[in-house]
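Under our numbering, think of the first position of the sequence shown as 30, with each following residue one higher.
Virtual Cβ for every residue (Gly too), placed ideally from N, Cα, C.
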Amino acid sequence: MSETELTTWGRDVRAALCPVCDWTYLLPATARLPRCPHCFGAELEPVAEEVMQLPYVSPPELVLPFEVRPEALSQQVLRFAEGIPYPPEDLNPQALQSRLQPIYLPAWLVDVDAVAHWQAEVGFDYEVLSHQEQYSDAGSWRSREVKETRIRWEPRAGRLQRHYDNLPAPALERAAELTRDLGPYRMETARPYAPEVLGHGLVRLPDRLAEDAWRDAEPLLHGAAAEECRQAARADHMRDFRWAPQLQGQHWTLLLEPLYTTFYHDDAGQPQPVLIHGQTGKLSGMRRASLKRAQRIALIWGGIALGVLLLSLLALVLSFVFPPLALLGAGGVVLVFIFGAVALIPLLRVWMFNRHTVL
Ligand SMILES: [Zn+2]
30 MSETELTTWG
40 RDVRAALCPV
50 CDWTYLLPAT
60 ARLPRCPHCF
70 GAELEPVAEE
80 VMQLPYVSPP
90 ELVLPFEVRP
100 EALSQQVLRF
110 AEGIPYPPED
120 LNPQALQSRL
130 QPIYLPAWLV
140 DVDAVAHWQA
150 EVGFDYEVLS
160 HQEQYSDAGS
170 WRSREVKETR
180 IRWEPRAGRL
190 QRHYDNLPAP
200 ALERAAELTR
210 DLGPYRMETA
220 RPYAPEVLGH
230 GLVRLPDRLA
240 EDAWRDAEPL
250 LHGAAAEECR
260 QAARADHMRD
270 FRWAPQLQGQ
280 HWTLLLEPLY
290 TTFYHDDAGQ
300 PQPVLIHGQT
310 GKLSGMRRAS
320 LKRAQRIALI
330 WGGIALGVLL
340 LSLLALVLSF
350 VFPPLALLGA
360 GGVVLVFIFG
370 AVALIPLLRV
380 WMFNRHTVL
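What follows is the structure in structure tokens.
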């Protein structure tokens, strides 16, 4: 354990990798290696390199705490499991709840010093009074005063020297997809990282280099600078903001975002992961009805139909000897059609449901 590790993460850490989904995690050095809390497809394997030699290990700075109350979490899980026709046997609230895993997702935070000359057009609101003449029903002209807000644009230029703190940028290739499914994280509750965090949940390491993430931070920096120049000019609007900043002292740290994961086994026995936003409780996962269970029920109805068919045919044959049996046989054939249709219903419901299954 080097000094650097101790000063950044505050305790002995080691890295582990999932051989199925390739997610890399940081966890306390003494912790046993669990099943991958992302895909649940395999046990994590230790990473051979020294932790600090890994390309994506940067010091943590801020942590967003888990905020979903346990009751709200149970409700979400219940809602997810309910309403599925013929759910797989393993998809039940108790199983999902018992497998909940807290983990932290990384996001980049970058600090930077900027020096730049800038130019832009700044806009000031002003009001114009005009009069509109209207012909009234009473048969006379009326003059109405109309106030209109217009913008006066003026060119401005200046020099800016500023330090920007904690501009956010995605640290995962899948970040956009996760935000689409689960929603964004609120920053208001962020607090400084403390080593206890590592005991609470595994930390997912970034799979996106800081240099790549800079592409996403740059427009935020541009926007922040434009807004500051607008405020400095006491203007109401700004357009065509241009600057060519000299950037120095870029410092990258990590923000840790809370996420719960859990899973259920599908028909094929494969784990189906379910992800839950650690602040809002919003849930994302595949909701799939079980074709196996539907088939079993369909087979029972099919068997009944077959039995009735055989009895009906027997009744029809015997009706040559004893004619009243013909009526019984004909009624039986009608029942066969009804039971046959009933047998198809579970299969159709599962097929219809599985066409739209992502929550
Ligand atoms: Zn995995």
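Can you tell me which of the options puts its alpha carbon nearest to the alpha carbon of residue i?
i: residue 241; options: 197, 37, 99, 359; result: 197
i: residue 67; options: 209, 289, 115; result: 289
i: residue 310; options: 90, 94, 46; result: 94
i: residue 229; options: 153, 131, 218, 97; result: 131
i: residue 188; options: 146, 224, 212, 227; result: 146
i: residue 57; options: 63, 72, 70, 41; result: 41
i: residue 301; options: 274, 139, 121; result: 121
i: residue 256; options: 215, 103, 150; result: 150
i: residue 157; options: 233, 143, 298, 179; result: 179
i: residue 269; options: 252, 373, 285; result: 252
i: residue 61; options: 139, 48, 43; result: 43
i: residue 324; options: 87, 47, 115, 92; result: 115
i: residue 248; options: 274, 304, 168; result: 274
i: residue 297; options: 170, 327, 119; result: 119
i: residue 110; options: 194, 293, 203; result: 293
i: residue 199; options: 243, 64, 227; result: 243
Taking the alpha-carbon positions, what's the residue i to residue j distance?
i: residue 38; j: residue 220; result: 15 Å
i: residue 45; j: residue 258; result: 46 Å
i: residue 376; j: residue 320; result: 7 Å
i: residue 272; j: residue 148; result: 7 Å
i: residue 182; j: residue 263; result: 13 Å
i: residue 141; j: residue 185; result: 25 Å
i: residue 365; j: residue 108; result: 38 Å
i: residue 105; j: residue 211; result: 13 Å
i: residue 190; j: residue 254; result: 10 Å
i: residue 389; j: residue 101; result: Since the first and last residues shown for the chain are 30 and 388, residue 389 lies out of range.
i: residue 224; j: residue 231; result: 12 Å
i: residue 126; j: residue 385; result: 24 Å
i: residue 26; j: residue 88; result: Limits of the chain in this structure are 30 at one end and 388 at the other, which puts residue 26 out of reach.
i: residue 164; j: residue 155; result: 29 Å
i: residue 222; j: residue 283; result: 9 Å
i: residue 153; j: residue 172; result: 29 Å
i: residue 167; j: residue 215; result: 58 Å
Count the other CB atoms within 10 Å of the CB of residue i; is the residue buried (16 or more) or exposed (fewer)?
i: residue 306; result: buried
i: residue 380; result: exposed
i: residue 174; result: exposed
i: residue 50; result: exposed
i: residue 350; result: exposed
i: residue 139; result: buried
i: residue 336; result: exposed
i: residue 74; result: exposed
i: residue 303; result: buried
i: residue 372; result: buried
Give a single yes or no on whether residue i has its beta carbon closer than 7 Å to a heavy atom of ligand 3.
i: residue 289; result: The ligand content of the structure shown is limited to ligand 1, which means ligand 3 is not among them.
From the beta carbon of residue i, is the nearest beta carbon of chain C less than 8 Å away?
i: residue 171; result: Among the chains in the structure shown there is no chain C, since it carries only a single protein chain.
Quiz prompt | Chain-ordered residues, beta carbon under 6 Å from a heavy atom of ligand 1 | solution = 47, 49, 50, 52, 65, 67, 68, 70
Quiz item: Fully enclosed by the segment 239-322, which beta strand (DSSP E) runs are 3 residues long or longer?
Solution: 266-272, 275-294, 300-306, 312-314
Quiz item: Fully enclosed by the segment 108-165, which alpha helix (DSSP H) runs are 4 residues long or longer?
Solution: 122-127
Quiz item: Which whole runs of the alpha helix (DSSP H) in the segment 152-230 are 4 residues long or more, in chain order?
Solution: 204-211, 226-229
Quiz item: Whole alpha helix (DSSP H) runs in the segment 34-72 with 4 or more residues, listed along the chain?
Solution: none
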